[in-house]
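Have a look at the structure below before the remarks.
Protein chains in written order, with my numbering: chain A, 15 to 379; chain B, 31 to 359.
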């Protein structure tokens, strides 16, 4: 049997994997467990699929192992897996933890650069929600599921959902197994314990998903300047020198968003010398321009560029936002503030709109 | 546990698969047989069945699947069917058109051509191993560490391979004589390289016109010359046949009608990625040719496609492929 777990990395995900492995073992036969991608793969700036697809990796496990059961934790699920798990008979688990805990876990475990860790988890969150809405998904909330008093109930629910034949005694044995107790999630590293800049970046990029994961709505997402890049890998904490001709000043952050319509507000600050110059702000997905806007600040100070765009399903590299200066003679400085992304209409329910329905809706028929 | 049977589509690989399914699951409960040429398809097979116990039938295994099998030290069975027998089976018993059957058999053979070697593989050949079904079954059982029970041996002896009707040599000869020259050239051009199991790797492969598809409708096979009228577009593509990995030279010969001759065309060859391209400008009415060198990586997933595109709007004209010949570089 294949036990699929869609999850963010972290202690709760590890606990869920151990639980599934114990249940599989109790059902009889050998078990092999795999989490994919690795933390290094997860945090790399690489196009989706360049490390192989989730199904390729599961296939690899099946070739390598003769185990009767495979427990597979997909930490950056993709389009191929979504199609496979849309099948009516598909049953799988979605382990829901606070995404900031996942970032903290990656940083604590590997010492990974916070920017890369936040980007990785933000990517996973956007992909993750599409799976959580599928009919075969069973959602496991970190708050509750792993608490000692709840473990047995969690096991009963999983066994019923996945159709595993296990006696009550076997379930109790799993609940009381030392391996499961040992894997119990410890108190996570809370965001306030991280440096203020990192906490702000993390809460901005991920905090919006908190409500969604608790059954509510996705709120605004804020990409702070720390998530963006400059040519020469210079820091955006200092104002950008505009002298130097027409070019791209800032780009990034290559983070996936839930497919649907979005509005982005890009806050930029200009020095007085930069007034009158023309700047272009645009967004891209997989080398396709989604939206562009030009602006000509009449005076120095804070200015906001607004873009509306539609995010296609499963982009390879996530969303890229760029700020260009178009005049060769531009002087002065630009400060990159942040990008606030507001979801307008999202397609994260996995449901296909029947052909024609969209026209009826649009025309109010 | 998964059991892998690699081999071009045909009676022999089907027989091996059915035999292993029965050895693994018993006569009353044979394990399922799942077609999967890629790692992802293996995964999908397991997901759909919620099982890790089935026979994987891989007639055109990708390089990634083969490499994974070798790296894992897997014991697999490679069932090499005689390409002519496989073709006859597809055309005469399954009613598949000649171009489609050629496409399938050639792709299957390519995976196992050119001194095929694979650690952990039990290589069985239909011409050598089929006559002694029981000994072939015993070899498979030993290689995959399965038990071959007496009942199965008896059934093999009494019924065995005769259950799936083969094509007699008389029937094959009669059928061949009914084919027109064009069909015969299509078959011989694409498959003769694979006629001898460990034959001369220098025999070129030639793909004829009817193995190709319309440029803007890759599901529709060409029949007759291609009308090239219209804005710049893909005129034809195909044949979507796998080739053994390595360095190749493509020599593409075409015939252009008079009105099509004074135009420029691009020719590209691609699999998962573009491999080579060039421009072609026929001089006057008649034949034109282009040579392209390319290297096919071991890990290639997609079959080979040659695409011919018009580069400017054309008001009239036709083109025909006289042959796309692939020779080892």
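In this text, a Cβ means the ideal position worked out from N, Cα and C, and glycines have one as well. Quantities reported herein were computed from a predicted structural model and do not represent experimental measurements.
| message | Our contact map puts residue 255 of chain B next to residue 339 of chain B with C-beta atoms below 8 Å; I'd like the distance itself, whole angstroms only. | response | Contact doesn't hold; Cβ gap of about 17 Å is too wide.
| Which runs of the beta strand (DSSP E), 3 residues or longer, sit entirely within the stretch 310-360 of chain A? | 315-325, 333-339 and 347-360
| field | Integer-rounded CB distance, given that residue 298 of chain B should sit under 8 Å from residue 341 of chain B | value | About 12 Å separates the two Cβ atoms, so there is no contact after all.
| field | Near-chain A residues of the stretch 71-83 of chain B - C-beta to any C-beta below 8 Å | value | 71, 72, 73, 74, 76, 77, 78, 80, 81, 82 and 83
| request: Assuming residue 76 of chain A contacts residue 72 of chain B (C-beta within less than 8 Å), just tell me the rounded distance between them. | output: 5 Å
| Residue span of the beta strand (DSSP E) that contains residue 275 of chain A, given as start and end | 274-284
| message | Can you give me the C-alpha to C-alpha distance between residue 258 of chain B and residue 279 of chain B, rounded to a whole angstrom? | response | 26 Å
| message | Would residue 287 of chain B and residue 236 of chain B be called neighbours here (beta carbons separated by less than 7 Å)? | response | no
| If you draw a straight line from the C-alpha of residue 370 of chain A to the C-alpha of residue 324 of chain A, how long is it? | The predicted model places residue 370 of chain A with a pLDDT of 42, which falls under 50 and marks its position as unreliable, so this point remains unresolved.
| query | Hey, would you say residue 215 of chain A sits closer than 7 Å to residue 80 of chain B, going by beta carbons? | reply | no
| query | Do you know how far the Cα of residue 70 of chain B is from the Cα of residue 147 of chain A? | reply | 23 Å
| query | With residue 22 of chain B and residue 107 of chain B assumed to form a contact (beta carbons below 8 Å), what rounded beta-carbon distance in angstroms separates them? | reply | Outside the displayed span of chain B (31 to 359) sits residue 22 of chain B, for which this structure offers no information.
| query | Using CA coordinates, which residue listed in A:273, A:333, A:186 and A:259 is at the minimum distance from residue 341 of chain A? | reply | A:259
| task | Would you mind working out which of B:333, B:95, B:75 and B:103 sits nearest residue 101 of chain A, comparing C-alpha positions? | result | B:75
| field | Range of the contiguous beta strand (DSSP E) that encloses residue 340 of chain B | value | 334-340
| task | Work out the CA separation of residue 348 of chain A and residue 252 of chain A for me, nearest whole Å. | result | 9 Å
| Any idea if residue 308 of chain A is buried or exposed, counting beta-carbon neighbours within 10 angstroms, 16 or more meaning buried? | exposed
| message | For chain B, check one thing: does any of its Cβ atoms lie closer than 7 Å to the Cβ of residue 15 of chain A? | response | yes
| request: Indicate whether the contact test is met: 3 or more Cβ pairs, each with one atom in the stretch 77-89 of chain A and one in the stretch 24-44 of chain A, closer than 8 Å. | output: yes
| request: State the beta-bridge partners of residue 322 of chain B as determined by DSSP. | output: B:280
| Distance, Cα to Cα, residue 284 of chain B vs residue 345 of chain B? | 19 Å
| When the Cβ atoms of the stretch 213-230 of chain A are set against those of the stretch 130-141 of chain A, are three or more pairs found closer than 8 Å? | yes
| Rounded C-alpha distance that separates residue 351 of chain B from residue 306 of chain B | 18 Å
| message | Taking 7 Å as the threshold (C-beta atoms), are residue 337 of chain A and residue 245 of chain A in contact? | response | no
| Is the Cβ-Cβ distance between residue 216 of chain B and residue 238 of chain B less than 7 Å? | yes
| said: Distance check for residue 170 of chain A and residue 364 of chain A, CA to CA, integer angstroms please. | reply: Unreliable positioning characterises residue 364 of chain A in this predicted model, as indicated by a pLDDT of 41, which lies under 50. The coordinate reading is nonetheless provided below. Rounded to the nearest angstrom, the two C-alpha atoms are 27 Å apart.
| query | What's the gap between the Cα of residue 41 of chain B and the Cα of residue 97 of chain B? | reply | 26 Å
| field | Buried/exposed call for residue 237 of chain A, threshold 16 Cβ in 10 Å | value | buried
| For residue 74 of chain A and chain B, any beta-carbon pair shorter than 7 Å? | yes
| query | Mind pulling the chain B residues with CB within less than 7 Å of residue 78 of chain A? | reply | 102
| query | Secondary structure at residue 145 of chain A, three-state DSSP: helix, strand or coil? | reply | helix
| Beta-carbon spacing of residue 116 of chain A, residue 24 of chain A below 7 Å | yes
| query | Among A:230, A:285, A:279 and A:229, which has the Cα closest to the Cα of residue 254 of chain A? | reply | A:285
| field | Residues that DSSP places opposite residue 151 of chain A in a beta bridge | value | A:106
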